[in-house]
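Participant:
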RNA sequence: GCCAAAGUAGCUCAGUGGUAGAGCAGCUCACUCGUAAUGAGCAGGUCGCGGGUUCAAUUCCCAUCUUUGGCUCCA
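Spelled out as structure tokens, the structure:
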């Protein structure tokens, strides 16, 4: 049997053991479902009272008892009527029984005092479960059957493994995630903040965060020009006419900030950049000879995200998309998609993401646009992904109503997937805004429109970068690249001049002239994860040397300053990590 | 929006029905230092905001905002 099947059986069985423990401790509890999931399991309960973290300990202790008792998991098949009778006081189970198709077997699994409606499979006995290889992690709310129209149940999440060592490895992984948390690092490294009193979900980029953003934006802009894009700037608000035409007021009004009334018109803050780029397109009549158009903008948009959905930089209400819109003729489509994908891969690689996976989403049930166009566009997406040699999955029917798309997800340093790039066809807006171009034969035709974002939003991308690098950015992105640390006051003057010299090279440099001892200065620079620390004392001053302490702890003393400068240039230019 | 928990100094956190405390950071002074914290002193808080109970509320209750963990959502 494959290891993951075994693990999944252990986890599923653990869920049953937890349900037994909860029922014994909280009589009258109604039970819902309890599957194995990635790394663990959960079970949903309708409890007589809310749970506290202390209850998790009690439940854990009870589970250990059940595991120690070594009871078998016994399977039994019964009729639908028997099942109804058995679960007469378990309304959620009754609902599940009714949902089982006629003719399908209904099976039960029993261990000790607990019987659950369950397809299985399970381990043979609780002897196969390890009392020290599981941990209950948290209590959360979850809608019955995942619908917000249904009652909210209490879900207990746990993790389970075959042995304590595996559990420890997983717990270490969770601790690593906590250490990398961009919200925590954002504070510690003084990168950004959010202010509840000034409006939730709105990001303040501090000088050190802004330096990173500048580095990203500078690179982004110059690469866009190199890759045949034009950069545009568009307004932040637009009259309701724009949003009525685009259809946003019809479909997405709930997610837009409410209107501002002025001169008897309603103005809306933009939730997307596309209608503005379309206005530029519509400004003149276009010939096929001008195509393709590639217009990019770091466009700041505002969306009303539900209060409970906000999360640090990852889900915010105001964010800047690295947006671009391509207007192409049908015969340019294939090449343009290939080019966008290649560009996208280049950008992601530049930021240190190597493991990239593509997801293609195809036409959903309700869609606009000619099915043949959908076919052609989807084929173009597949062709591009294959040409790039990317691994990909297809989400049949998972596209937006207006067109198929490719999403790229990257794996970070600890294996978590983040969606960054997206390339989407749009068969809706060109119709709604009646976009045309004059083709070779003199007739007016409809251009293809493609939306794409390479980094997604700068806020979210920043969050992902922080977590990927755990705050230790490669020098080209580091807020401070070099920290100068004079050994004593006698080196202050020299250090200030060295700072000037290094800044002249274009480096981001800070000199620590505080009253702290040298050791404390090193500690502070280290805590800020500054890549290079230069220790300056008598020896260095006398011979134009620097003593380099690298972020990793390595020291190289007596380096010629000019050698250090060329080394840093090389590292920054190549975007290497140190 | 829903379920649950939390909100005390800039940060991390302790604490109590009789209007608050630590460490770090900050400021001042002294020390002038060779690879992860020099020492002493000072200052800093309407205990998220609004009601209620009480002689008295930061503490108990209600409402509200925000945050956290999830759920739902994410054009």
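Residue numbers (our numbering): 7 to 584. Glycine included, each C-beta is placed from N, C-alpha and C at the ideal position. Please read these numbers as outputs of a predicted model, since none were measured by experiment.
From the DSSP output, in three-state form, read off residue 26 for me.
Facilitator: Note: residue 26 maps to helix in three-state DSSP.
Participant: Within 10 angstroms of its Cβ, does residue 380 collect 16 or more other Cβ (buried), or is it exposed?
Facilitator: Buried, because 16 or more other Cβ atoms sit within 10 Å of the Cβ of residue 380.
Participant: For residue 364, which of 331, 387, 131 has the nearest alpha-carbon?
Facilitator: Closest by alpha carbon: 387.
Participant: Would residue 459 and residue 340 be called neighbours here (beta carbons separated by less than 7 Å)?
Facilitator: Their beta carbons are not under 7 Å apart, which means residue 459 does not touch residue 340 by this criterion.
Participant: Considering just the uninterrupted stretch of the alpha helix (DSSP H) at residue 229, what are its terminal residues?
Facilitator: 213-232 is the span of the alpha helix (DSSP H), which, as asked, contains residue 229.
Participant: State yes or no: is the C-beta of residue 188 nearer than 6 Å to some heavy atom of the ligand SAM?
Facilitator: As for the ligand SAM, it is missing from this structure, which has no ligand bound.
Participant: Which residues bound the alpha helix (DSSP H) around residue 517?
Facilitator: Not the alpha helix (DSSP H): residue 517 falls in the beta strand (DSSP E), residues 515-517.
Participant: Could you spell out the range, first to last residue, of the alpha helix (DSSP H) harbouring residue 117?
Facilitator: Here residue 117 belongs to no alpha helix (DSSP H); instead the beta strand (DSSP E) covers 112-117.
Participant: Using a 10 Å radius around the Cβ and a threshold of 16 neighbouring Cβ atoms, would you call residue 167 buried or exposed?
Facilitator: Label assigned to residue 167: buried.
Participant: Output yes or no for whether 7 Å exceeds the beta carbon distance between residue 515 and residue 499.
Facilitator: Contact flag unset, no.
Participant: CA-CA distance, residue 457 and residue 484?
Facilitator: Residue 457 and residue 484: Cα-Cα distance of roughly 30 Å.
Participant: Closest to residue 84 by CA distance: which of 274, 72, 323, 114 is it?
Facilitator: Nearest of 274, 72, 323, 114 to residue 84, Cα basis: 114.
Participant: Beta strand (DSSP E) containing residue 461: first to last residue?
Facilitator: 454-463 is the span of the beta strand (DSSP E), which, as asked, contains residue 461.
Participant: Am I right that residue 303 and residue 248 are in contact with their C-beta atoms under 8 Å? What's the rounded C-beta distance?
Facilitator: Their Cβ separation, rounded to whole angstroms, is 16 Å, which puts residue 303 and residue 248 out of contact at 8 Å.
Participant: Rounded to the nearest angstrom, how far is the Cβ of residue 277 from that of residue 308, given a contact under 8 Å?
Facilitator: Going by Cβ atoms, the distance from residue 277 to residue 308 rounds to 6 Å, so yes, they are a contact pair.
Participant: Going along the chain, which residues of its own chain have a beta-carbon closer than 6 Å to the beta-carbon of residue 472, five neighbours each way excluded?
Facilitator: Around residue 472: 188, 191.
Participant: State the Cα-Cα distance for the pair residue 284 and residue 375, rounded to the nearest angstrom.
Facilitator: Their backbone Cα atoms lie some 18 Å apart in a straight line.
Participant: Just how far apart, CA to CA, sit residue 205 and residue 325?
Facilitator: Rounded to whole angstroms, residue 205 to residue 325 spans 14 Å at the Cα level.
Participant: Tell me residue 350's beta-bridge partners as DSSP assigns them.
Facilitator: According to DSSP, which records beta bridges pairwise, residue 350 is partnered with nothing at all.
Participant: Can you list, in chain order, the stretches of the beta strand (DSSP E) that have 3 or more residues and sit fully within the stretch 63-88?
Facilitator: Listed in chain order, the complete beta strand (DSSP E) runs (minimum 3 residues) inside the stretch 63-88 are 80-84.
Participant: Expressed to the nearest angstrom, what Euclidean distance is found between the alpha-carbon atoms of residue 202 and residue 426?
Facilitator: Near 27 Å, if we compare the C-alpha coordinates of residue 426 and residue 202.
Participant: Mind checking residue 158: buried by the 16 CB within 10 Å criterion, or exposed?
Facilitator: When all chains shown are included, residue 158 counts as exposed.
Participant: Can you tell me the Cα-Cα spacing of residue 444 and residue 45, whole angstroms?
Facilitator: Those two C-alpha atoms are separated by around 57 Å.
Participant: Going by the CB atoms, is the gap between residue 272 and residue 252 shorter than 7 Å?
Facilitator: Not in contact: residue 252 and residue 272 (Cβ atoms no closer than 7 Å).
Participant: Considering only residues of the same chain and omitting the five flanking positions on each side of residue 17, which have a CB-CB separation below 7 Å?
Facilitator: Cβ neighbours of residue 17 beyond the five flanking positions: 42, 46, 47, 166.
Participant: Measuring straight from C-alpha to C-alpha, what distance separates residue 171 and residue 93?
Facilitator: C-alpha separation (whole angstroms): 38 Å.
Participant: Do you know offhand how far residue 11's Cα is from residue 316's?
Facilitator: The alpha-carbon atoms of residue 11 and residue 316 are separated by roughly 35 Å.
Participant: Would you decide whether residue 555 is buried or exposed? Buried here means 16 or more other CB atoms lie within 10 Å of its CB.
Facilitator: Classification for residue 555: buried.
Participant: Note down the Cα distance separating residue 244 from residue 289, rounded to an integer number of angstroms.
Facilitator: Taking the straight line from one Cα to the other gives about 16 Å.
Participant: Exposed or buried, residue 268, counting other C-beta atoms within 10 Å across all chains shown (16 or more means buried)?
Facilitator: Answer is exposed; the Cβ neighbour count stays below 16.
Participant: Per DSSP, residue 236 forms a beta bridge with which residues?
Facilitator: Note: residue 236 sits in a beta bridge opposite 301.
Participant: In whole angstroms, give me the CA-to-CA distance for residue 390 and residue 355.
Facilitator: If I take the Cα positions, the gap works out to 17 Å.
Participant: Using alpha carbons as the reference points, say which of 15, 310, 347, 101 lies closest to residue 156.
Facilitator: Comparing Cα-Cα distances from residue 156 to each of 15, 310, 347, 101, the minimum goes to 101.
Participant: Would DSSP call residue 478 helix, strand or coil?
Facilitator: Residue state, collapsed to three classes: coil.
Participant: Measure the beta-carbon distance from residue 409 to residue 431 and round it to whole angstroms, keeping in mind my assumption that it falls under 8 Å.
Facilitator: 3 Å between Cβ atoms; contact.
Participant: Taking the alpha carbon of residue 609 as the reference point, which residue from 199, 492, 334, 196 has its own alpha carbon closest?
Facilitator: For residue 609 there is no data in the structure shown, the boundaries of the chain being 7 and 584.
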